[in-house]
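Everything in the sequence shown is counted per my numbering, starting at 11 for the first residue and increasing by one. Cβ atoms here follow ideal geometry from the backbone N, Cα and C, with glycine treated the same way.
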Amino acid sequence: HPGPLTELEFWEDKAANLNAIHEQLSGAKIRKVVKVLELAKSSYFPAFQKLCKEVAHARVEANDNLLFLKPLDKYFTKLQNNQDEFEGLVELFKPIMHLVMLVWKHSHHYNTPGRIVVLMRQICNDLIMQSQKFLPGGEIFGLEPPEAVEKLKLLLRVLGSFKSFYFEYKGKTTRETPQNPWKFQNSALFARLDAFLERCHDILDLTQTALQCSAEQRRGNRQPKCRTWRGVQPAACTTLISKQVQMSLVS
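Structure below.
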């Protein structure tokens, strides 16, 4: 699951390659060859002209996209290589969404739904990756229930705040770019992130149920009236869910 730095690297490589090809096509030797083809009325001349135009157009697009995406580089690097507290990721969300909106507003080639959808999915991929580092699936049931609950709540708050910033800036595009606002389907952007969030909510529900039972047992209730998780007592489903958690939180 590639992160957004992959997108920047793609345009960097593409721009470098097309700039090198353009430099070769603009060289004196190639110009002489083209002139000979033109004077000889060669059938290769129109095809070569078409190729040169396609290279020129692709080169302009690649350089333009790289120009507008480059300011996001430092934020995407921090997102991918975060070494600080997990909740510190929230500080990246506003500048990231602000710059993405500016790219959408001013870029000549990156202001299409397909481009932004891919970029948002890649950002979500890195958020999931950081969440897995913060709370690995295999360790959840090794934590004390109170600690597991607090970590899950923090994880859900951080990921939820990213979506909140997205919807905030989606609203801003209706004012900033009324002729071209963001009209992406939420499922196109957040399908994988939402599936991850749903799993985390399930695990939180189960953990809170176990915490409730533990609290009642400490109060001396030998048969605590614990609420169930999906109709099943926590003790009966912990083994099954723990296996699902280990699989789901690394997918």
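Notebook entry, point to check: How about W21 and A68: do their beta carbons lie closer than 8 Å?
Noted result: For the purposes of this step, residue 21 is identified with residue 11 of the sequence shown, where counting begins at 1. For the purposes of this step, residue 68 is identified with residue 58 of the sequence shown, where counting begins at 1. Their beta carbons are not under 8 Å apart, which means W21 does not touch A68 by this criterion.
Note to self: I believe L79 touches L89 by the beta-carbon criterion, under 8 Å. Please report the beta-carbon distance rounded to the nearest angstrom.
What the structure shows: Translated into the one-based positions of the sequence shown, residue 79 becomes position 69. Translated into the one-based positions of the sequence shown, residue 89 becomes position 79. The C-beta separation of L79 from L89 comes to about 14 Å, leaving the pair out of contact by the 8 Å criterion.
Notebook entry, point to check: Should G170 be labelled buried (16 or more other beta-carbon atoms within 10 Å of its own) or exposed?
Noted result: Translated into the one-based positions of the sequence shown, residue 170 becomes position 160. Result: exposed.
Notebook entry, point to check: Alpha carbon to alpha carbon, how far is I138 from N27?
Noted result: Stepping through the sequence shown from its first residue, residue 138 is reached at position 128. Stepping through the sequence shown from its first residue, residue 27 is reached at position 17. I138 and N27: Cα-Cα distance of roughly 32 Å.
Margin query: Here's the rule: buried if 16 or more other CB atoms are within 10 angstroms of the residue's CB, otherwise exposed. What is R131?
Written below: Looking up residue 131 in the sequence shown gives position 121. Buried, since its Cβ has 16 or more Cβ neighbours within 10 Å.
Next item on the list: Below 6 Å CB to CB, which residues in the same chain sit around I133 once its five sequence neighbours on both sides are set aside?
Entry: Along the sequence shown, one-based indexing puts residue 133 at 123. Counting only Cβ-Cβ distances below 6 Å, and skipping sequence neighbours, we find P14.
Item checked: DSSP three-state assignment for K51, whether helix, strand or coil -> Along the sequence shown, read from residue 1 onward, the residue named residue 51 stands at position 41. K51: coil per DSSP, three-state reduction.
Margin query: Using 8 Å as the threshold, is the C-beta distance between L145 and L207 below it?
Written below: The count along the sequence shown starts at 1 and reaches residue 145 at position 135. The count along the sequence shown starts at 1 and reaches residue 207 at position 197. Cβ distance not < 8 Å, so L145 and L207 don't count as in contact.
Check: Under the three-state reduction of DSSP, which class applies to Y120: helix, strand or coil?
Finding: On the sequence shown, residue 120 is found 110 positions in, with the first residue counted as 1. Looking at Y120 - three-state DSSP - the assignment turns out to be coil, as it is neither helix nor strand.
Notebook entry, point to check: Where does K161 land, buried or exposed, given buried means 16+ other C-beta within 10 angstroms?
Noted result: Locating residue 161 in the sequence shown gives position 151, counting from the first residue. Label assigned to K161: buried.
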